[in-house]
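Participant: Structure below; questions to follow.
In our numbering, the protein residues as written are 25 to 415.
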């Protein structure tokens, strides 16, 4: 909640309203009962600002908000709460009630969530959190050896390249900032390579998808790699991506992952939407860890083998389907022709591949169960399958 006194009338009131969603929501209800009449037409926001300023006495602390709420009847208060962006109500976005509820009955599913146009609509409807942008300090690498510095640079370059090769410069800087913010966040490893490859040894735990989807098996495009390396070098030298601040998460705008409502949305840069932890864990003061200086040695050959959403090699797939796999894009004012697959990401399996996978699953499910005799001294017991559907 914004602290401080509100200067008189409309200019300062307008600024305060832009920074205080709940006061604005309450002001919508107050305007009809507390606004003085005026013979000359003025913008509604000016009159709303004056009404809120009079009702609060210029006090935008919780005490001032209570003064406003005390003037409302039950219907007006309900209307104000309905249009409060901070409450994230589905009606505000024109959505079906219940969409925002997350079950606590078990682990989250591995489903990435809504995608495509529906995801873009949801992402656009989600407001940026008030005060979410917090300044980040320049990163201090201090490698133990030159080899550690080179490993950190390579891992950060890989993250920028495979996650944001076709993004604008600020978008690439934002991805690098997220990696370095995680290095200083007590919740993550204290090395650059440790952050980038966190969870890559597991089939479903990789933090950055390119470390477990086979993208590393594709040779990078020289000019795009050089561009990503420049961004990584600047970030390790202390450059700060001021637009994303203390962001520790991001995702593309064409997906709407289940975790996005649990974080504070900061901004969107290019195709990526950036978030930070809510509350004090996302404040600048929370990033207290320092780089250990000892970067782990990464077995890239191991992580180049896809372990999720297996797909055929892009070159073989292009030869089989007759597709060129090429795309013309404009980067930094220059037109480039790139191989889409070589810039990271995953392709959708073809109908034939899906059919082949389904056939293998059927064969696996139809395989007879082999009875295993219990070890000596162990009594075999019947196991009841709870919830098994009837045959």
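Ideal Cβ positions, reconstructed from N, Cα and C, are used throughout, including at glycine.
Ordered along the chain, which non-local residues of its own chain (more than five positions away) have a Cβ less than 6 Å from that of residue 313?
Facilitator: By 1-based counting over the chain shown, the position of residue 313 is 289. For residue 313, where only same-chain residues beyond five positions count, the Cβ hits under 6 Å are 208, 210, 214.
Participant: Which two residues bound the contiguous beta strand (DSSP E) that contains residue 300?
Facilitator: Numbered from 1 along the chain shown, position 276 holds the residue referred to as residue 300. 296-300 is the extent of the beta strand (DSSP E) around residue 300.
Participant: Between the segment 287-296 and the segment 163-179, are three or more C-beta pairs nearer than 8 Å?
Facilitator: Touching, no.
Participant: Would you identify the three-state DSSP class for residue 292, choosing helix, strand or coil?
Facilitator: Here the question's residue 292 lines up with position 268 in the chain shown. In the structure shown, residue 292 sits in a strand (DSSP, three-state: E or B).
Participant: Specify the secondary structure class of residue 376 as computed by DSSP and reduced to three states.
Facilitator: Position 352 of the chain shown, counted from the first residue, corresponds to residue 376. Helix.
Participant: May I ask which residues mark the beginning and end of the beta strand (DSSP E) holding residue 221?
Facilitator: As a working note, residue 221 is residue 197 in the chain shown. From DSSP, residue 221 is part of no beta strand (DSSP E); its letter is neither H nor E.
Participant: In the DSSP assignment, find the unbroken beta strand (DSSP E) run with residue 274 in it and report its ends.
Facilitator: The residue you call residue 274 lines up with position 250 of the chain shown. 273-276 is the extent of the beta strand (DSSP E) around residue 274.
Participant: Please confirm whether residue 145 and residue 307 have their CB atoms less than 8 Å apart.
Facilitator: The residue given as residue 145 occupies position 121 in the chain shown. The residue given as residue 307 occupies position 283 in the chain shown. Not a contact, by the Cβ cut-off of 8 Å.
Participant: Can you have a look at residue 229 and say buried or exposed, based on whether 16 or more other CB atoms are within 10 angstroms of its CB?
Facilitator: Working through the chain shown from its first residue, we reach residue 229 at position 205. Under this definition residue 229 is an exposed residue.
Participant: Applying the criterion that 16 or more other CB atoms from any shown protein chain within 10 Å of the CB defines a buried residue, is residue 269 buried or exposed?
Facilitator: Against the chain shown, residue 269 aligns to sequence position 245. The residue is buried, with at least 16 neighbouring Cβ atoms inside 10 Å.
Participant: Measuring alpha carbon to alpha carbon, tell me which of 261, 401, 383, 247 ends up nearest residue 166.
Facilitator: To locate residue 166, count along the chain shown from 1; it is residue 142. Looking at the Cα atoms, 261 is the closest of the given residues.
Participant: If you count every other CB in all the chains shown that lies within 10 Å of the CB of residue 88, and 16 or more means buried, which is it?
Facilitator: Locating residue 88 in the chain shown gives position 64, where the first residue counts as 1. That one is buried.
Participant: Could you compute how far the alpha carbon of residue 378 sits from the alpha carbon of residue 329?
Facilitator: Here residue 378 corresponds to residue number 354 of the chain shown, with the count starting at 1. Here residue 329 corresponds to residue number 305 of the chain shown, with the count starting at 1. Approximately 20 Å, taken between the alpha carbons.
Participant: Assuming residue 200 contacts residue 327 under a Cβ cut-off of 8 Å, what Cβ separation, rounded to an integer in Å, is found between them?
Facilitator: As a position in the chain shown, residue 200 is number 176, starting the count at 1. As a position in the chain shown, residue 327 is number 303, starting the count at 1. With a Cβ gap of about 20 Å, residue 200 and residue 327 do not count as contacting.
Participant: Round the Cβ separation of residue 205 and residue 311 to the nearest angstrom and send it over; I've been treating them as touching at under 8 Å.
Facilitator: On the chain shown, residue 205 is found 181 positions in, with the first residue counted as 1. On the chain shown, residue 311 is found 287 positions in, with the first residue counted as 1. Residue 205 to residue 311, Cβ: 6 Å. Contact.
Participant: Between the alpha carbons of residue 284 and residue 324, how many angstroms are there, rounded?
Facilitator: Mapped onto the chain shown, residue 284 falls at position 260. Mapped onto the chain shown, residue 324 falls at position 300. One C-alpha to the other measures close to 30 Å.
Participant: Where residue 161 and residue 264 are concerned, what is the direct C-alpha to C-alpha distance, given to the nearest angstrom?
Facilitator: In the chain shown, counting from the first residue as 1, residue 161 sits at position 137. In the chain shown, counting from the first residue as 1, residue 264 sits at position 240. Distance between the alpha carbons of residue 161 and residue 264 is about 7 Å.
Participant: Rounded to whole angstroms, what's the CA-CA distance from residue 237 to residue 96? Just pull it up for me.
Facilitator: In the chain shown, the residue the question calls residue 237 occupies position 213. In the chain shown, the residue the question calls residue 96 occupies position 72. So the alpha carbons of these two residues sit roughly 55 Å apart.
Participant: Given a cut-off of 8 Å, decide if residue 226 and residue 321 are closer than it, judged by their beta-carbon atoms.
Facilitator: Within the chain shown, residue 321 is the residue found at index 297, counting from 1. Within the chain shown, residue 226 is the residue found at index 202, counting from 1. No, these two residues do not count as a Cβ contact at 8 Å.
Participant: Any idea what DSSP makes of residue 279, helix, strand or coil?
Facilitator: To locate residue 279, count along the chain shown from 1; it is residue 255. Note: residue 279 maps to strand in three-state DSSP.
Participant: Considering only their Cβ atoms, is the gap separating residue 300 from residue 272 smaller than 8 Å?
Facilitator: In the chain shown, the residue the question calls residue 272 occupies position 248. In the chain shown, the residue the question calls residue 300 occupies position 276. Contact: yes.
Participant: If you follow the alpha helix (DSSP H) that residue 93 is part of, which residue opens it and which one closes it?
Facilitator: Position 69 of the chain shown, counting from 1, holds the residue named residue 93. Note, residue 93: alpha helix (DSSP H), 86-94.
Participant: So, at 7 Å on beta carbons, what are the nonlocal neighbours of residue 240 in its own chain, with the 5 sequence-adjacent residues on each side left out?
Facilitator: In the chain shown, counting from the first residue as 1, residue 240 sits at position 216. 234, 324, 327, 328.
Participant: Would you report the Cα separation of residue 184 and residue 169, rounded to the nearest angstrom?
Facilitator: Indexing the chain shown from 1 puts residue 184 at position 160. Indexing the chain shown from 1 puts residue 169 at position 145. C-alpha separation (whole angstroms): 23 Å.
Participant: Let me know the secondary structure DSSP gives residue 172 once reduced to three states.
Facilitator: One-based indexing of the chain shown puts residue 172 at position 148. Helix.
Participant: Around the Cβ of residue 198, are there at least 16 other Cβ atoms within 10 angstroms (buried) or fewer (exposed)?
Facilitator: Within the chain shown, residue 198 is the residue found at index 174, counting from 1. By the 10 Å Cβ count, residue 198 comes out buried.
Participant: Among 147, 85, 248, which has the Cα closest to the Cα of residue 192?
Facilitator: As a position in the chain shown, residue 192 is number 168, starting the count at 1. Residue 192 has its Cα closest to that of 248, out of 147, 85, 248.
Participant: Within 10 angstroms of the Cβ of residue 84, are there 16 or more other Cβ atoms? Answer buried if so, exposed if not.
Facilitator: Numbered from 1 along the chain shown, position 60 holds the residue referred to as residue 84. By the 10 Å Cβ count, residue 84 comes out buried.
Participant: Residue 70 by DSSP, collapsed to three states: which one?
Facilitator: Stepping through the chain shown from its first residue, residue 70 is reached at position 46. It is helical.
Participant: What is the rounded straight-line gap between the Cα of residue 103 and the Cα of residue 93?
Facilitator: Taking the first residue of the chain shown as position 1, residue 103 is located at position 79. Taking the first residue of the chain shown as position 1, residue 93 is located at position 69. Cα to Cα, residue 103 sits roughly 12 Å from residue 93.
Participant: Hey, out of 148, 150, 164, whose CA is closest to residue 316's CA?
Facilitator: To locate residue 316, count along the chain shown from 1; it is residue 292. Closest option to residue 316, Cα to Cα, is 164.
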